[in-house]
Amino acid sequence: MLLGPSGCGKSTLLRTVNRLVPLQDGRVLLDEADVASADVTTLRRSIGYAIQEVGLFAHMTVGENVAIVPALLAWERSRVAARIDELLNLVHLDPHRYRDRYPRELSGGEQQRVGVARAIAARPPVLLMDEPFGAVDAIVRASLQEETRQIARTLQTTILFVTHDVDEALRLADRLVVLRDGKVEQYDTPLAILSAPATPYVGRLLDADDVIRRLSLLRVRDAMVPGTSDATIPEIAADASLRDALDAFLSGAETLAVRAGASRIGTIAYENVRRALRAPDAAGTLP
Amino acid sequence: MSLPHLLAHVQTHVALSAAALSAGTALGVPLGVLAARLRGSRGAILGLVNVGRVIPSLAVLTFVVPILGVGFKPALVALALLAIPPIAINTDLGLRGVPPAALDVARGVGMTAMQAFARVEWPLALPVVLTGVRTAAIEVIASATLAAFVGAGGLGEYILRGLQAGDPALLLAGAGSVALLALAAEFTLTLAARRAGERTA
Chain A
1 MLLGPSGCGK STLLRTVNRL VPLQDGRVLL DEADVASADV TTLRRSIGYA IQEVGLFAHM
61 TVGENVAIVP ALLAWERSRV AARIDELLNL VHLDPHRYRD RYPRELSGGE QQRVGVARAI
121 AARPPVLLMD EPFGAVDAIV RASLQEETRQ IARTLQTTIL FVTHDVDEAL RLADRLVVLR
181 DGKVEQYDTP LAILSAPATP YVGRLLDADD VIRRLSLLRV RDAMVPGTSD ATIPEIAADA
241 SLRDALDAFL SGAETLAVRA GASRIGTIAY ENVRRALRAP DAAGTLP
Chain B
1001 MSLPHLLAHV QTHVALSAAA LSAGTALGVP LGVLAARLRG SRGAILGLVN VGRVIPSLAV
1061 LTFVVPILGV GFKPALVALA LLAIPPIAIN TDLGLRGVPP AALDVARGVG MTAMQAFARV
1121 EWPLALPVVL TGVRTAAIEV IASATLAAFV GAGGLGEYIL RGLQAGDPAL LLAGAGSVAL
1181 LALAAEFTLT LAARRAGERT A
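From first to last, the protein sequence lines are chains A and B. Quick note on the working numbering: the first sequence kicks off at 1 and runs consecutively. Quick note on the working numbering: the second sequence kicks off at 1001 and runs consecutively.
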């Protein structure tokens, strides 16, 4: 995930990967192979590409748009047709309703979905997304984000994602690169960056103080998963704050057992802390 | 002049116009593509093309007749020159109007330059190109009356003779037929442009 204000070079950096922007210096490695030594059309057909403007081809149906890379790769007709339906289902568009429609008949959110389906059509191991949900409203954006997460997980796709939206970055990123004026300010997990911003700029951009304050207001009890746990894993008190849990995770723990009084009542993991961050007004509902 | 004569002249008129329009398209489209591609030379190309529009076709005829003689050929040259500008200009316009995002994706998904042109740019520009062809067709059909001056026949014969003989019936037959032809071309090509554009518009 590349995060930074407009003009910081995040899109340019993204576009060096599929060589839409030529490198003047340095190298881009994909699976340890230099992209500069690959054939450029082969390279691009093996990398998914989705952008904010979507760029659907207005003269093609939704199905033809989705199938553009398989068509370039000369897949068999029956395989392409099956893949179109599969992809449209994956992005929650009913193939029978949408396959033969034209892009102008679609809402902004539907177009973005088609854009995502097109990008993953040929099962690329790597997907480049440049503010792919920038043009839709917050509700549609949230559901698209969640779907993208799931798709990436199911398909085992590595996504390089550009955004200027801090919430989006914190919500989706496994690893986050904060950029400013073409330079990397910090590169780490979102929570590590939040708890220890490398520069004052990073702290301000992420509003790190505020997020950490929010975490210290939330209790482990409210974010944990109820249930039993392995006796060997370390413990944390149910009334401890998520800030405390975060510290434990940052120092190496993967899962913590939650203790209330004499019994263990559940477990909490890094992911649960992150989930708690996703409810923006959660802190406000607590004393 | 009787009805069979009229039909023969309509036929000549249509053949001449169609030939001029085809030649104009064959030259105008590549010129338009060049103009859209070579940004530096765009002004020069379109300026040169526009000369064809600025010089009156009658003047072109007088220049060409000494070289090609009278008849079909000089008329074809003059009319093709007239057809090139709207087609070239609209080809340039249509190609430059292709959304940058569509081009970015076309390259991003790994289309070669030829594939991007054939699969994305050209189909998206086509409705605008066809509008140019329509404009050219109407200008050509109207101006093809001048062919009568160089002995190429066509409906201009009626207008010429009508003027010479002071016969309004002949004038009307000629002018009316030209108008009908132009309307028919307008109608057909508008339909074609709309069909090409109905998905994209």
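Beta carbons are placed, not taken as given, at the ideal position from N, Cα and C, and that holds for glycine. As the structure is a computational prediction, the values presented were derived from the model and not from experiment.
Let me confirm a value: A:V114 is counted as buried when at least 16 other C-beta atoms fall within 10 Å, else exposed. Which label applies?
With 16 or more Cβ atoms within 10 Å of its Cβ, A:V114 is classed as buried.
For A:F57, which residues in chain B fall below 7 Å Cβ to Cβ?
A1102, V1120, listed in chain order.
Give me whichever residues DSSP pairs with A:F161 in a beta bridge.
Beta-bridge pairing links A:F161 to A:M129.
So, helix, strand or coil for A:Y270, using DSSP?
In the three-state reduction of the DSSP assignment, A:Y270 falls in the helix class, which pools H, G and I.
Keeping to the same chain, check which residues put their C-beta closer than 8 Å to that of B:L1191; ignore five residues upstream and five downstream.
Within its own chain, no residue has a Cβ closer than 8 Å to the Cβ of B:L1191 once the five positions on either side in sequence are excluded.
Terminal residues of the continuous alpha helix (DSSP H) containing B:V1077?
Unbroken alpha helix (DSSP H) run through B:V1077: 1072-1096.
Which same chain residues, not among the five before or five after A:I265, have their C-beta less than 7 Å away from its C-beta?
For A:I265, where only same-chain residues beyond five positions count, the Cβ hits under 7 Å are P226, A238, V258.
Tell me which residue opens and which closes the alpha helix (DSSP H) that A:Y201 is part of.
Run containing A:Y201: 200-206, per the alpha helix (DSSP H) assignment.
What does DSSP give as the partner residue(s) for A:V258 in the beta ladder?
Answer is A:I236, A:G266, bridged to A:V258.
Mind checking which residues open and close the alpha helix (DSSP H) that includes A:D64?
The sequence shown places Glu at residue 64 of chain A, not Asp. Counted as a single uninterrupted DSSP element, the alpha helix (DSSP H) harbouring A:E64 occupies residues 62-66.
On the CB-based measure, 16 or more other CB atoms within 10 Å of its CB, does A:G63 come out buried or exposed?
A:G63 counts as buried, since at least 16 other C-beta atoms from the protein chains shown sit within 10 angstroms of its C-beta.
Helix, strand or coil at B:P1100 [DSSP, three-state]:
For B:P1100, the secondary structure class from DSSP, reduced to helix, strand or coil, is helix.
What residue range does the alpha helix (DSSP H) around A:Q112 cover?
Unbroken alpha helix (DSSP H) run through A:Q112: 108-119.
Give me the Cα-Cα distance between A:S229 and A:A262, rounded to the nearest whole angstrom.
Spanning the two alpha carbons is a distance of roughly 14 Å.
Quick one: what's got a C-beta closer than 6 Å to A:T12's C-beta in the same chain, skipping five residues either side?
The residues are V21.
Can you confirm whether A:Y98, when its beta carbon is compared against all beta carbons of chain B, has any partner nearer than 9 Å?
No Cβ of chain B is located within less than 9 Å of the beta carbon of A:Y98.
Candidates B:L1183, B:I1087, B:A1185: which alpha carbon is nearest B:L1126's?
In terms of CA proximity to B:L1126, B:I1087 leads the group B:L1183, B:I1087, B:A1185.
Minimum Cβ-Cβ distance from B:T1131 to chain A less than 9 Å:
No, B:T1131 lies away from the interface with chain A (no Cβ there is under 9 Å from its Cβ).
Could you tell me the alpha carbon to alpha carbon distance between B:R1195 and A:Y49, rounded to whole angstroms?
Whole-angstrom Cα-Cα distance: 31 Å.
Contact set for B:L1160: own chain, Cβ-Cβ below 6 Å, skip 5 residues either direction:
Closer than 6 Å at the Cβ level, and outside the excluded window around B:L1160, lie A1148.
When DSSP labels each residue in this structure, what does A:V166 get in the three-state scheme?
The answer is helix: DSSP assigns A:V166 an H, G or I state.
Determine, using beta carbons only, whether B:V1105 comes closer than 9 Å to chain A.
Interface residue, yes.
Taking just the CA atoms, how far does B:V1098 sit from A:Q145?
Distance between the alpha carbons of A:Q145 and B:V1098: 29 Å.
Under the three-state reduction of DSSP, which class applies to A:S241: helix, strand or coil?
If DSSP states are grouped into helix, strand and coil, A:S241 belongs with the strands.
Neighbourhood of A:V116 by C-beta distance below 6 Å, restricted to the same chain and skipping five residues each side
Result list for A:V116: A50, V91, in chain order.
Output needed in chain order: residues of the region 14-33 of chain A with a Cβ under 7 Å from some Cβ in chain B.
Sequence-ordered contacts of the region 14-33 of chain A with chain B read N18, L20 [C-beta pairs closer than 7 Å].
To be precise: take each residue of the region 113-146 of chain A, compare its Cβ to all Cβ atoms of chain B, and keep it if any distance is under 7 Å. Which residues remain?
Cβ contacts with chain B: none found.
Using 10 angstroms around the beta-carbon of B:S1057, count the other beta-carbons present and answer buried if the total reaches 16, otherwise exposed.
So B:S1057 counts as buried.
Identity of the residues DSSP links to A:D188 by a beta bridge
Looking at the DSSP assignment, A:D188 forms a beta bridge with A:L176.
Taking the beta strand (DSSP E) that A:Y49 belongs to, which residues open and close that run?
That run of the beta strand (DSSP E) goes 47-51.
Against A:L72, what residues of chain B qualify as contacts under a CB-to-CB distance less than 8 Å, listed in chain order?
By Cβ distance, chain B contributes V1109, G1110, M1111, Q1115.
With a Cβ-Cβ cutoff of 9 Å, do A:L3 and A:T189 count as a contact?
It is not a contact, given that the beta carbons lie outside the stated cut-off.
Which chain A residues sit within Cβ distance under 9 Å of B:G1124?
Note on identity: in this sequence residue 1124 of chain B is Leu, with Gly being the wrong assignment. Contacts between B:L1124 and chain A, judged by CB atoms closer than 9 Å, involve F57, A58, H59 in chain order.
Residues, ordered as in the chain, of the region 39-51 of chain A that lie near chain B by beta-carbon distance below 9 Å
Listed by position along the chain: V40, T41, T42, L43, R44, R45, S46, I47, G48, Y49, A50, I51.
Shortest alpha-carbon distance to A:L172 belongs to which of A:I193, A:L191, A:R149?
Minimum Cα distance to A:L172 is reached at A:R149.
For A:L29, the three-state DSSP class (helix, strand or coil):
It is a strand residue.
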